[in-house]
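For the sequence shown, the positions run -16 to 186 when this note's numbering is used. Ideal Cβ placement from N, Cα and C applies to all residues, glycine included. This structure is a prediction, so every number in the text was calculated from the model and none was measured.
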Amino acid sequence: MTEGCIKFNCNWEQSVAQIPEAIYNQLETARSALYRLGLIGMYPDGIGFGNISVRLGGGLSFVITGSATGQFAQLKPEHYALVREFSFSDNSISCIGQTKASAESLSHAAVYESCPDVGAVVHVHSLYLWEKLLDRFPTTSSGIEYGTPEMAFAIAGLASEINGRAGKVIVMGGHREGILAFGSTLSEATEEIIKMHNQYKND
Ligand SMILES: [Zn+2]
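Shown next as structure tokens:
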């Protein structure tokens, strides 16, 4: 269960990405709230988990947390990457930044491509929440692993199906602990996850 730039093809331009300050501030506010709750972080073996992104402008590019940043309570602008292009069938992305984009970038891209009005995607890890929500919320097949084209296609299908609903949450059945939420804004997607965390944490 690694979340580095491993399984997919990452065309990485290692230079400074121009990330608008307002977007960086939004990302940091959301990420620090999720980090405090343990929904983003690092496992004892040093592997980071959880990633968040915001769409840039009205297009298909987006800013996402970089790989191997899970251990930090706060991120600097250089810990974020800008994903400029992607291809599900090639399992590839093109990104720019001082850090590589998260290996789960294609899961985020799948939501942005299938739902033009979505402005932000939040991916967290939580075993108890995953167990509670599994098959109660739209869930991708347990045979589909994270970081594969199949996961991107499955997420795209479910995301467009539930985009009109109130709770925009997808459980990644084949990615233990993995949950995805999205919304028109980052605070909407983040609040949805925190609401569920609060609702189920004492069950
Ligand atoms: Zn994950």
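Under the DSSP assignment, Glu61 falls outside any alpha helix (DSSP H); it carries neither an H nor an E label. Val94 counts as buried, since at least 16 other C-beta atoms from the protein chains shown sit within 10 angstroms of its C-beta. Contact check for Gly33 and Gly53: beta-carbon distance about 6 Å, within the 8 Å limit, so the pair qualifies.
Here Ser170 really is in contact with Ala13; their C-beta atoms are around 7 Å apart, less than 8 Å. Bounds of any beta strand (DSSP E) do not take in Arg19; it lies within the alpha helix (DSSP H) bounded by Glu4 to Arg19. Ligand 1 has a heavy atom closer than 6 Å to the beta-carbon of Gly161.
Residue pairing by DSSP places Met134 opposite no residue, since no beta bridge is assigned to it.
Classified as exposed, Ala56 has fewer than 16 neighbouring CB atoms from the shown chains inside 10 Å of its CB. Bounds of any beta strand (DSSP E) do not take in Leu22, whose DSSP letter is neither H nor E.
Shown here, Gly31 sits in a strand according to DSSP, grouped into three states. The alpha carbon of Tyr129 has as its nearest neighbour, out of His158, Gln9 and Leu22, the alpha carbon of His158.
By the 16-neighbour rule on beta-carbons within 10 angstroms, Leu39 is buried. Counting the other Cβ atoms within 10 Å of the Cβ of Tyr63 gives 16 or more, which makes it buried. Secondary structure in the region 124 to 179: the alpha helix (DSSP H) runs of 4 residues or longer, each lying completely within the stretch, are 132 to 145 in chain order. Rounded to the nearest whole angstrom, the C-alpha separation of Lys83 and Tyr7 is 16 Å.
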